[in-house]
Amino acid sequence: MSVAARLPRWADVALLPAVTVASAFVVAGLVVLAIGQNPLEATRILLVGAFGSWEGLGYTLYYATSFMFAGLAVAVAFHAGLFNIGVDGQAYVAGLGALAVAHALGFLPAPLLATATVLAMAAVAAAYALVPAWLQAKRGSHVVITTIMLNYVASALMGWLLVRVFIEPGQMNAQTSRLPPGSDMPEFWRIASWLGADAPKTPLNLSILLAGLAGVGVWALLWRSRLGFRLRAFGANPAAAHYGGVSSTAITLQAMAISGALASGLAVNAILGQEHRLILDFTAGFGFVGIAVALMGRGHPAGIALAALLFGTLYQGGEELAFDMPSISRDMVVLIQGLVVLFAGAMENAFRGPLAAAIAGFGRAEPPAPTSVAAETRADG
Amino acid sequence: MAAAAAASPPPAVELAGIDKRFGAVHANRAVDLAVGAGTIHGIVGENGAGKSTLMSILYGFYEADSGEIRVDGRPVRIRAPSDAIAAGIGMVHQHFMLVGAMTVLENVTLGAEGGRRLARGAAAARAELAALGAEYGLAVDPDAKVDDLPVGQQQRVEILKALVRGARTLVLDEPTAVLTPDETNRLFAMLRKMAAQGRTILFITHKLREIMALTDRVSVMRRGEMVATFATRDTSPAELAEAMVGRKVLLRVDKAKAAPGRAILEARDLTLRDRAGVARLDRVSLTLRAGEILGLAGVSGNGQTELLEVLSGMARPSSGSLAVGGRALTAAEFDPRRMRTLGVAHVPEDRLRHGLVASFEACESAMLGREGDRVFGGGMFVDRRAVVADCAAKMEDFDVRPRAPTLRSASFSGGNQQKLVLAREIGRDPDALLVGQPTRGVDIGAIEFIHRRIVTLRDRGKAILLVSNELDEIMSLSDRILVICGGRIVGERDPAATDERDLGLLMAGVTERAA
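Line order of the protein sequences matches chains A and B. Residue numbers for the first sequence follow the numbering used here, so the first one is 241 and each next one is one higher. Residue numbers for the second sequence follow the numbering used here, so the first one is 21 and each next one is one higher.
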């Protein structure tokens, strides 16, 4: 019976995430302190590692690109009331689309081949996401369970294919031969060198623009299209959506297909942007981080972009931190990420009440304020 | 009895200066209420007047920002329902809080099992149930599964639950919404008996007739304030309505005689079986004509919901046929979107479950099911400005307050939500309007408005099927009344030639008039 406290929109969008992230950092700082290191120094190393050089920045944004795609994928499904935990597996099998199309259409000129490859990867990932969607819509198997399990199926399948079928002849590592260069998403340092400039070699590539476009596209889909309207209605109130004429089967399939297609962006960034071949486990668990990104970003592309940047920072800065402070291992970074997820996802409602009370308190202190703050509370909370 | 009992001893329950805000909403403003021991005290008020908030504070769901609660003259702090129970306050909710798969006994002992071993507590509860059953005529089979009981019996279980927990004050929130007239009478008899034995009853309702029939005193709430308290015998429904709304209210619907035209909807032998194979609709046949309001009376849960779902395309009948405008539908045409394009609009019974999406902006809810319409832009995308403008126009037309298309649907009061749904469904000029519980949880001012719009629609030659649990509403609006019981149409009546008793018997399944 308790009512969730209502926050003004600005607080909901900006203040609350800021508070949760800050809390996560404070707790992580205590852990750093506990192992005898200086948390301020650790923070400095982390930030300098992520933003202190063009190279660091390149890596930060490269990671952020993958997180953005993963976060968008989770968010779209989530708006339809579906928890897609299979982003990692969907991105992983998307590699097969790259393999097939980049080789089969290798004769195409570079931009066309890259475009065709990206589309093929999206199609394969979408198809893979349709399996749990269909199972849920038609058989009632819960999408959370099936998407988790299909991650393992994808992992086993890709492992077998890479070791037994598509392995580059004479190669010891489980990896394919290089994809035709026409399918590459050009790295920024390469573009800079075409223009005669010199830039540090980082894996940051054109996929980041694709991620930005995907973000705008997701926004337009969810809040400006008929399909998005039905999708959100189904997620927010399936009974009302049924009343409105939304077919639960169709909308489940559509939402998961779009989610899967977005998941493939993670593979585009990693394969077409950096590796240029399929390697074992190229998704590196980024699909799971997407859940945290979507949660933190509150399902909105702008928030997801910021959350992706935060996680990119943690990833890149964390590498530097592990390097510079040997007593802080990579696990420490994972710990911080875990804390962010905990605070952003699970503890959010613990902060919501006090924040709302604090804001209401400010509002009451000065006579003209209550109506405006209050009106906002009602309008957006 | 009321005045005398309340005079000398301290009131059984006293609320003093109760104040509660939810953000901008000042739900209770310094509310004072004193309820004498052994009296039946009614609380009336429009939706959103603060009745439910006040009772939730008394029962510990919310804590008041300020104010004091006194039980038998002693101040008590009620921070959770368990505190209320300890203070001897029990509550019967509008929506029952029962576990359907459990027996009556298990439900009664739930949360009051009395120790680690179930057997001992269960035996004690069984004895107490028998005693209470004998005392108040509240007999219920303790071993029956709650799901198998009729609604009236389920309500008794709720009351028993409170009594077993030692409630000396019983709060009932809109208890008659789901009852037949006969069950209501029995409930009232039970409540009177309890009051006569010294228990105190707080009775929340919006039905003035019940206030007049049952209560000793009545308090009226309006916009969070307690505006008046009367001894029931010294007041009248008109006076109460005026106090509730703050102005004079027309309690009767004025309408001209109907001029029924061609058949819009023709149902023949519609049958709908649920998963267990039980016929929820049993060979229902009806004809809905242009220019008439056909009322469907029945105790809730007797197939009205299912009939609306089939007629609106939300459910596909197991057998039978439906013709719209003279053409029989194919199985695939039982689809909400298809029915809309055929000119059948539907105001669903439960607006929060089906009618709108609470978390959506009002303008989004105002296009639910209509989002494909060209007015919202062509192609894949909707024109946001058109959506907002369309909603603003609807709000103007139907006097939805506040006129804020981008406010969340949940922030509107029940009456305004209902007007929005009605505006959406009437807005596309349908041939037929299926309307379920048009005024459930809607304040008196809005009821007047909604009734007028429905009659206007009829006068413009539209066909209207009205489903309502309010017999008053059915009788005053309908041109023809069908009675449904157990999924079957059991009779047809002319509203001018019937009365509540006659309909009540039909609703209860007594098919022929006695003598």
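Just so it is clear, CB atoms sit at the ideal spot from N, CA and C, and this is done for glycine as well. Values in this document were obtained by computation on a predicted structure and should not be read as measured data.
Among all the DSSP beta bridges, which residues are the ones paired with B:H366?
Working through the second sequence from its first residue, we reach residue 366 of chain B at position 346. BP columns for B:H366 point to B:L454.
Determine whether the Cβ of B:E391 lies closer than 8 angstroms to any Cβ atom of chain A.
Position 371 of the second sequence, counting from 1, holds the residue named residue 391 of chain B. Yes, B:E391 lies at the interface with chain A (some Cβ there is under 8 angstroms from its Cβ).
Among B:G244, B:A154, B:A406 and B:A348, whose alpha-carbon lies nearest the alpha-carbon of B:G37?
Taking the second sequence and counting its residues from 1, one reaches residue 37 of chain B at position 17. When only C-alpha atoms are compared, the closest one is B:G244.
Unbroken alpha helix (DSSP H) runs of length 4 or more, entirely within the region 435-507 of chain A: which are they?
447-464, 466-476, 478-483 and 488-507
In whole angstroms, what separates the C-alpha of B:G465 from that of B:D451?
To locate residue 465 of chain B, count along the second sequence from 1; it is residue 445. To locate residue 451 of chain B, count along the second sequence from 1; it is residue 431. Straight-line Cα distance between these residues: approximately 27 angstroms.
State the DSSP-derived secondary structure class of A:M587, mapped to helix, strand or coil.
Counting from 1 along the first sequence, the entry for residue 587 of chain A is found at position 347. Residue state, collapsed to three classes: coil.
Against B:L376, what residues of chain A qualify as contacts under a CB-to-CB distance less than 9 angstroms, listed in chain order?
Indexing the second sequence from 1 puts residue 376 of chain B at position 356. In chain order: N477 and A480.
What three-state label does DSSP hand B:V55 in the structure shown?
The sequence position of residue 55 of chain B within the second sequence is 35, counting from 1. In the structure shown, B:V55 sits in a strand (DSSP, three-state: E or B).
Could you tell me the distance, in whole angstroms, from the CA atom of B:D403 to the CA atom of B:A233?
On the second sequence, residue 403 of chain B is found 383 positions in, with the first residue counted as 1. On the second sequence, residue 233 of chain B is found 213 positions in, with the first residue counted as 1. If you take the alpha carbons of B:D403 and B:A233, they lie about 53 angstroms apart.
Rounded distance between the beta-carbons of A:L255 and A:E588, thought under 8 angstroms
Taking the first sequence and counting its residues from 1, the one referred to as residue 588 of chain A is at position 348. Taking the first sequence and counting its residues from 1, the one referred to as residue 255 of chain A is at position 15. Not a contact, Cβ separation roughly 12 angstroms.
Answer yes or no: does any C-beta atom of chain B fall closer than 8 angstroms to that of A:R464?
Translated into positions along the first sequence, residue 464 of chain A becomes position 224. Judged by the 8 angstroms Cβ criterion, A:R464 is in contact with chain B.
Nearest candidate by alpha-carbon position, reference B:V166, set B:A150, B:L118 and B:A147:
The residue you call residue 166 of chain B lines up with position 146 of the second sequence. Per the Cα distances, B:L118.
For the beta strand (DSSP E) containing B:G511, name the first residue and the last one.
Locating residue 511 of chain B in the second sequence gives position 491, counting from the first residue. Per DSSP, B:G511 belongs to the beta strand (DSSP E) from R508 to R513.
Host alpha helix (DSSP H) of A:F526 (start-end):
On the first sequence, position 286 is the one that residue 526 of chain A refers to. Segment F526 to M536, the alpha helix (DSSP H) holding A:F526.
In terms of alpha-carbon separation, which member of B:V128, B:F250, B:M400 and B:G461 lies closest to A:G457?
Taking the first residue of the first sequence as 1, we reach residue 457 of chain A at position 217. That would be B:M400, whose Cα lies nearest to the Cα of A:G457.
Comparing alpha-carbon positions, which option in B:M241, B:M246 and B:D254 lies nearest B:T235?
As a position in the second sequence, residue 235 of chain B is number 215, starting the count at 1. Considering only alpha carbons, the answer is B:D254.
The beta strand (DSSP E) that contains B:L342, what's its start and end?
Counting from one through the second sequence, the residue named residue 342 of chain B turns up at place 322. Segment S339 to V344, the beta strand (DSSP E) holding B:L342.
Closer than 7 angstroms at the beta carbon, the chain A residues around B:S498:
By 1-based counting over the second sequence, the position of residue 498 of chain B is 478. Ordered by position in chain A, no residue passes the 7 angstroms Cβ test against B:S498, which lies about 24 angstroms from the chain.
Specify the secondary structure class of B:K213 as computed by DSSP and reduced to three states.
Walking along the second sequence from the start, residue 213 of chain B turns up at place 193. Looking at B:K213 - three-state DSSP - the assignment turns out to be helix.
For the beta strand (DSSP E) holding B:D417, just list the boundary residues, first then last.
Position 397 of the second sequence, counted from the first residue, corresponds to residue 417 of chain B. Looking at the DSSP string, B:D417 is not in any beta strand (DSSP E); the run it does join, the alpha helix (DSSP H), is R404 to D417.
Short-range partners of chain A found in the region 332-344 of chain B, where Cβ spacing is below 7 angstroms
M334
Can the beta-carbon of B:P280 be found closer than 8 angstroms to that of B:G315?
If you number the second sequence from 1, residue 280 of chain B lands on position 260. If you number the second sequence from 1, residue 315 of chain B lands on position 295. Not a contact, by the Cβ cut-off of 8 angstroms.
Would you kindly check if the distance between the Cβ of A:V267 and the Cβ of A:L579 is under 8 angstroms?
Locating residue 579 of chain A in the first sequence gives position 339, where the first residue counts as 1. Locating residue 267 of chain A in the first sequence gives position 27, where the first residue counts as 1. Taking 8 angstroms as the Cβ cut-off, A:L579 and A:V267 qualify as a contacting pair.
Counting only the same chain and skipping the five closest in sequence on each side, list residues whose C-beta sits under 7 angstroms from that of B:S498.
On the second sequence, position 478 is the one that residue 498 of chain B refers to. I313, L314, G315, L486 and P515, listed in sequence order.
Interface residues of chain A facing B:F401 [CB-CB closer than 8 angstroms]:
Residue 401 of chain B sits at position 381 when you count from the first residue of the second sequence. What B:F401 touches in chain A: A460, R464, S465 and R466.
Given this structure, state the Cα-to-Cα distance separating B:V330 from B:Q173, to the nearest angstrom.
In the second sequence, counting from the first residue as 1, residue 330 of chain B sits at position 310. In the second sequence, counting from the first residue as 1, residue 173 of chain B sits at position 153. Taking the straight line from one Cα to the other gives about 29 angstroms.
Is any beta-carbon of chain B found at less than 8 angstroms from that of A:G537?
Numbered from its first residue, the first sequence carries residue 537 of chain A at position 297. No - not a single Cβ of chain B is within 8 angstroms of the one on A:G537.
Does A:A495 come within less than 8 angstroms of chain B when only Cβ atoms are used?
Within the first sequence, the letter at position 255 stands for residue 495 of chain A. Not one chain B Cβ lies under 8 angstroms of A:A495.
Contacts that A:M570 makes with chain B (C-beta to C-beta distance below 9 angstroms):
Within the first sequence, numbered from 1, the residue matching residue 570 of chain A stands at position 330. Before going further, note that residue 570 of chain A is Arg rather than Met in the sequence given. Result: empty, since nearest Cβ-Cβ is about 40 angstroms, beyond 9 angstroms.
For A:F469, go through chain B and note every residue whose CB falls closer than 8 angstroms to its CB, in chain order.
If you number the first sequence from 1, residue 469 of chain A lands on position 229. Ordered by position in chain B, the residues that pass the 8 angstroms Cβ test against A:F469 are E384, M387, E391 and V402.
What are the partner residues of B:M246, as DSSP defines its beta bridges?
What you label residue 246 of chain B is simply residue 226 of the second sequence in a count that begins at 1. Looking at the DSSP assignment, B:M246 forms a beta bridge with B:M241.
Cutting at 6 angstroms between CB atoms, please list the residues of its own chain near B:L192, excluding the five before and the five after it.
The residue labelled residue 192 of chain B in the question sits at position 172 within the second sequence. Around B:L192: V112 and F223.
Proximal residues to B:H471 (C-beta, below 7 angstroms), its chain only, five neighbours per side dropped
Position 451 of the second sequence holds residue 471 of chain B. Around B:H471: V273 and L497.
Cβ-based neighbour list, A:A310, same chain, cut-off 7 angstroms, excluding 5 preceding and 5 following
Here residue 310 of chain A is taken as the residue at index 70 of the first sequence, counted from 1. Cβ neighbours of A:A310 beyond the five flanking positions: V327, A503, L506, F526, G527, V529, G530 and V533.
Could you work out which residues of chain B lie near A:G380, taking near to mean beta carbons separated by less than 8 angstroms?
Walking along the first sequence from the start, residue 380 of chain A turns up at place 140. Here the premise fails: no neighbours, minimum Cβ distance about 13 angstroms.
Going by DSSP, what residues sit across from B:V96 in a beta bridge?
Mapped onto the second sequence, residue 96 of chain B falls at position 76. Its beta-bridge partners are B:I89.
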